[in-house]
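Q:
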Amino acid sequence: MDLLARLTLFSVLDGIAVGLLFAAWLGIGLMIERESRTRPSTSALMRRYRRDWMREFVTRQPRIFDANILSTLRQGTTFFASACMIAIGGGLALLGNTERLRGVARDLTLDSAPEVVWEIKILLALLLVASAFLKFVWSHRLFGYCAVVMASIPNEPDDPQAAPRAAQAAELNITASRSFNRGLRSVYFALAALAWLLGAIPLILATLAAFLVLYRREFRSRSRTILLGDTT
């Protein structure tokens, strides 16, 4: 079956739903990562604290506390990367058993669509999970770079190399956290993409739910209020 024939198996509403999914995925990312003085996201606020962290790191003795924090951050990326690998393996195994896939699909929707339809729907979720995996792996590596740069910062705060290298470590830390957050957003929308198995309308609703959850956590959450210093 060629590509054009496969596309005819889906309705216009399916196309709108998938388009909305990608638009929401990219759109919320732009909203979160943009620099805004009037309405910064939680992730944007954390950049300031990461820079402050590295400035304090220069004068902190001993530096075991900072090493433990960075180790915890790397463990988080490792956990999510491993989880994505398991999800990708499970998805590929499901694609390799099309008879079982068809049975599950029928149980969910009582739809007798061709197997290729269900395979494409699973592939959409796998695409987002794969994107998340790559982001987590890159984030893990960047945290490793950050650790090396932090280790190269002289113990003497007055050393001319201390402040510039601390600034470099801060920017590496920020870049690593950005990749980590992108991976998390991909996981959110991968879960939303699974709703396509139930149909286009469930996919639209799941996409909106994922968007609203991310928006609330970045712009309306209690944690953001605390980071802004307004605890009233």
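Here the sequence shown stands for residues -1 to 230, where the numbers follow this note's numbering. Think of the CB as a built atom: it goes at the ideal place given N, C-alpha and C, for glycine as much as any other residue. Computed from a predicted model, the values in this text were never measured in an experiment.
(1) Hey, out of V10, F8, W23, whose CA is closest to A204's CA?
(2) What first and last residue would you give for the alpha helix (DSSP H) that runs through P200?
(3) How long is the line joining the alpha carbons of T229 and R58, rounded to whole angstroms?
(4) Which stretch, first to last residue, makes up the alpha helix (DSSP H) that contains R48?
(5) When we look at the beta-carbon of T70 and count the other beta-carbons within 10 Å, is it buried (16 or more) or exposed?
(6) Quick check on S34: does DSSP put it in helix, strand or coil?
(7) From which residue to which residue does the alpha helix (DSSP H) around R176 run?
(8) Apply the 10 Å Cβ neighbour rule to R176 and answer buried if 16 or more other Cβ atoms are within range, or exposed otherwise.
(9) Pick from I14, E31, I199, L121: whose alpha carbon is nearest that of Y213?
(10) Can you tell me whether DSSP reads F8 as helix, strand or coil?
(11) In whole angstroms, what separates the C-alpha of D120 from that of A42?
(12) Considering only C-alpha positions, which residue in the set L225, S184, L206, S221 is nearest to F78?
(13) Starting from D64 and walking both ways along the alpha helix (DSSP H), at which residues does that stretch end?
(14) Where do the ends of the alpha helix (DSSP H) carrying E117 lie?
(15) Rounding to the nearest angstrom, what Cα-Cα distance links Q166 and V147 in this structure?
(16) Roughly how many angstroms separate the alpha carbons of G13 and W51, rounded to a whole number?
(17) Round the Cβ separation of A198 and L11 to the nearest angstrom and send it over; I've been treating them as touching at under 8 Å.
(18) L126 to A188, Cα distance in whole Å?
(19) Looking at C-alpha atoms only, which residue of F63, S9, T36, S129 is the closest neighbour of F178?
A: Walking through what the data contain:
(1) W23
(2) 198 to 213
(3) Confidence at T229 is low in this model, with a pLDDT of 44, below 50, so its placement is unreliable and the value that follows should be read with caution. Straight-line Cα distance between these residues: approximately 28 Å.
(4) 40 to 57
(5) exposed
(6) coil
(7) 160 to 191
(8) buried
(9) E31
(10) coil
(11) Note that residue 120 is Ile in the sequence shown, not Asp. Their backbone Cα atoms lie some 33 Å apart in a straight line.
(12) S184
(13) 62 to 93
(14) 113 to 149
(15) 7 Å
(16) 45 Å
(17) 4 Å
(18) 5 Å
(19) S129
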